[in-house]
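Numbering-wise, the sequence shown is residues 17 to 291 according to our numbering.
Have a look at the structure below, then the notes.
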Amino acid sequence: MTESASATSAPEGSGTADIPDTGSTSTHLAFGVDVGGSGIKGGVVDLDTGELVGERFKVLTPRPATPDAVAGGVAEVVGHFGWTGPVGITLPGVITDGVMRTAANVDKSWIGTDVYALFSERLGGRQVSVLNDADAAGMAEDAHGAGRGVDGVVMLLTFGTGIGSAILINGTLVPNTELGHMHIGKKEAEHQASSRIKEEKGWSYEKWTEKVSEVLSTYEALFWPKLFIAGGGISRKSDKWIPLLTNSTPVVPATLLNTAGIVGAAMAVSRGLKT
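Spelled out as structure tokens, the structure:
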């Protein structure tokens with residue numbers, strides 16, 4: 017492992033020798049970086065398959081996770097691959113008109129930051145796309161994962177500390193939906209049905225899925241989705257709880273998991289997506 021001023025590098029996979037033409041601007045390859053509360057990870061993505069080309073490389077998210085410190089971590093990840101083309105980046109917050117409006121699991125100094133200017137400058141003036149992390153995961157799952165081939169409205173919901181959300185309509189992203197903050201009854205959805213609430217209250221899967229079903233029923237009435245995709249760590253135990261749901265819309269577990277954010281970020285920059 018190597019050390020940087022802001023993070024500890026943690027390479028994963030086979031190494032850069034297996035990655036072809038990492039400076040390429042080919043429409044078939046793109047670069048994505050997923051910024052999370054604990055790690056900043058990235059890699060080269062084959063846009064035809066939604067798979068990583070070679071390794072995934074990760075550095076620890078700096079503490080405090082200020083804009084400048086995180087931008088340094090992103091630059092380290094990109095530099096590891098020698099990638100010189102455009103870069104897609106996810107962040108845990110709402111981004112509109114290129115400005116961060118909320119900040120989850122990163123420093124509050126992100127709020128009001130022009131994220132396009134920040135990352136483009138740190139990466140030598142190159143083109144960047146920056147989007148919400150759940151939106152990126154939703155794009156990836158819709159195109160290359162559990163939602164592949166499904167027309168109409170597809171919704172990704174990530175169950176964790178809160179409930180993240182992404183809505184795709186025939187493959188087109190509706191950004192920054194933040195459905196976990198929707199009030200259902202007297203409380204926000206994520207204060208009723210996140211996996212954090214399940215753990216805090218010591219609920220069984222049966223009790224928890226009653227709450228999840230109520231939340232999904234509200235989303236069904238508003239959006240009429242063809243498919244719900246369940247993400248987050250608890251999706252790895254989907255066999256224990258998805259069969260207990262009572263909703264009419266099919267619910268399936270996410271399939272891309274740890275690579276979804278990277279893949280979605282790469283897709284976003286390949287499309288020139290701006291949020």
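Backbone N, C-alpha and C fix where the C-beta goes; we use that ideal spot for every residue, glycine too.
Nearest by alpha-carbon distance to residue i: which of the options is it?
i	options	result
residue 136	283, 87, 57 and 167	87
residue 226	260, 199 and 202	260
residue 78	69, 66, 91 and 71	91
residue 169	190, 282 and 57	190
residue 113	102, 128, 106 and 104	128
residue 290	105, 63 and 99	105
residue 75	49, 265 and 68	49
residue 262	275, 222, 70 and 273	222
residue 219	182, 270 and 257	257
residue 47	143, 181 and 183	143
residue 277	45, 51 and 177	51
residue 175	205, 146, 200 and 167	205
residue 115	132, 196 and 255	132
residue 288	139, 80 and 101	101
residue 89	269, 111, 70 and 134	134
residue 58	94, 183 and 148	94
residue 151	85, 179, 62 and 81	179
residue 215	177, 184 and 154	177
residue 272	184, 195 and 172	172
residue 65	72, 84 and 44	44
Could you check what DSSP says for residue i in three-state terms: helix, strand or coil?
i	result
residue 269	strand
residue 246	strand
residue 277	helix
residue 169	strand
residue 287	coil
residue 39	Because residue 39 sits at a pLDDT of 47, beneath the cut-off of 50, its placement in the model cannot be relied upon, and the following sentence gives the value as read from the coordinates. Three-state DSSP puts residue 39 in coil, outside helix and strand.
Does the beta-carbon of residue i have 16 or more other beta-carbons within 10 angstroms, so that it is buried, or is it exposed?
i	result
residue 188	exposed
residue 202	exposed
residue 274	exposed
residue 165	exposed
residue 54	exposed
residue 279	buried
residue 39	Its pLDDT being 47, under 50, residue 39 is placed unreliably by the model, and the measurement read from it follows with that caveat. Under this definition residue 39 is an exposed residue.
residue 96	buried
residue 217	exposed
residue 264	exposed
residue 141	exposed
residue 80	exposed
residue 84	exposed
residue 149	buried
residue 192	buried
Which parts of the region 177 to 234 are runs of the alpha helix (DSSP H), unbroken and 4 residues or longer, counting only runs that do not cross its ends?
With a minimum length of 4 residues, the continuous alpha helix (DSSP H) runs that stay inside the region 177 to 234 are 206 to 209 and 211 to 217.
Fully enclosed by the region 91 to 162, which beta strand (DSSP E) runs are 3 residues long or longer?
Segments of the beta strand (DSSP E) lying fully in the region 91 to 162: 103 to 107 and 144 to 148.
Along the chain, which unbroken stretches of the beta strand (DSSP E) at least 3 residues long are found entirely within the region 45 to 88?
DSSP runs (the beta strand (DSSP E)) wholly in the region 45 to 88: 45 to 51, 55 to 62 and 72 to 76.
Does the region 115 to 125 come close enough to the region 241 to 257 to have 3 or more Cβ pairs within less than 8 angstroms?
In short, these stretches do not touch, since the Cβ pair count stays below three.
Just checking, does the region 247 to 255 make contact with the region 232 to 239 on the three C-beta pairs under 8 angstroms criterion?
They do not touch, by the three-pair rule.
Do the region 212 to 231 and the region 154 to 161 touch if we need at least three Cβ pairs shorter than 8 angstroms?
Under the 8 angstroms Cβ criterion, the region 212 to 231 does not count as touching the region 154 to 161, having fewer than three qualifying pairs.
Any contact between the region 200 to 216 and the region 277 to 286? By contact I mean 3 or more CB pairs, one from each, below 8 angstroms.
They do not touch, by the three-pair rule.
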